[in-house]
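Residue numbers (the numbering used here): 6 to 166.
All C-beta atoms in this analysis are idealised placements derived from N, C-alpha and C, irrespective of residue type, glycine included.
All values reported here derive from a predicted model rather than from experimental measurement.
Here is the structure we will look at.
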Amino acid sequence: MPIAAPDLMLLLHVATHTLETEMTVRLAELGITPRENCVLSKAIGEELTQSELAERCNLDKTTMVVTIDALERAGLAERVPSSTDRRARIIAVTSAGERMVAKAEKVVTKIYADVLSGLPDDQREAFLKGLTQLAEGRLSTPMQCDKPPRRRAAKVPTVVR
């Protein structure tokens, strides 16, 4: 009996869910969420509108508004007038936000290094290169779907051979 191919979707889902959960726990210790950290880190040194920032962070408009509201309440970001378009408002990272991103970057770097240490040295670069190629290519844009799948927790099933 031939061995079935691995379930790529399940493997990617489990890896993503587990990594996102760990990131959520570790960043919560700093008082920030992964989404908030993503928004802040993409906004630093840029003059981006809320919509432009949402696109860079792969967030829908509603989620972006809620996220920016939370960052403003925490004093980590603020909506300010654009220097190039007086009709537009950009998301500016405050000094406190910059300090938060610096702390969060150390946490994220440590988690990524720890995760990747599970691969032999010679496989890490190939894994990242291949995953990047997929994410920027074939898997960069989801199909149109009337009922998009909801996210849920998953565990890698035990393979019976």
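Query raised in the report: Looking at G123 and the ligand ATP, is the gap between the Cβ and the nearest heavy atom below 6 Å?
Result: By its list of ligands, the structure shown contains no ligand whatsoever, and the ligand ATP lies outside what it can speak to.
Query raised in the report: Alpha carbon to alpha carbon, how far is V70 from E103?
Result: Here residue 70 refers to the residue found at position 65 of the sequence shown. Here residue 103 refers to the residue found at position 98 of the sequence shown. Taking the straight line from one Cα to the other gives about 20 Å.
Query raised in the report: Using the C-alpha atoms, what's the distance from V120 back to A20?
Result: Here residue 20 refers to the residue found at position 15 when the sequence shown is read from its first residue. Here residue 120 refers to the residue found at position 115 when the sequence shown is read from its first residue. When rounded, the distance between both Cα atoms is 10 Å.
Query - Integer-rounded CB distance, given that R84 should sit under 8 Å from R94 - result: Numbered from its first residue, the sequence shown carries residue 94 at position 89. Numbered from its first residue, the sequence shown carries residue 84 at position 79. The pair is a contact, with the Cβ atoms about 5 Å apart (cut-off 8 Å).
Requested in this report: May I ask you to report which of helix, strand or coil DSSP gives T38?
Outcome: Locating residue 38 in the sequence shown gives position 33, where the first residue counts as 1. If DSSP states are grouped into helix, strand and coil, T38 belongs with coil.
**Report entry** Boundaries of the beta strand (DSSP E) in which I96 is found, first to last residue
**Finding:** The sequence position of residue 96 within the sequence shown is 91, counting from 1. Start and end: R94 to V98.
Query - Rounded C-alpha distance that separates E77 from D12 - result: For this step, residue 77 is matched to residue 72 along the sequence shown. For this step, residue 12 is matched to residue 7 along the sequence shown. Rounded to whole angstroms, E77 to D12 spans 41 Å at the Cα level.
Query raised in the report: Does DSSP put A82 in a helix, in a strand, or in coil?
Result: Taking the sequence shown and counting its residues from 1, one reaches residue 82 at position 77. The answer is strand: DSSP assigns A82 an E or B state.
Query raised in the report: With a Cβ-Cβ cutoff of 7 Å, do V106 and L58 count as a contact?
Result: Locating residue 106 in the sequence shown gives position 101, counting from the first residue. Locating residue 58 in the sequence shown gives position 53, counting from the first residue. The answer is no: Cβ separation not under 7 Å.
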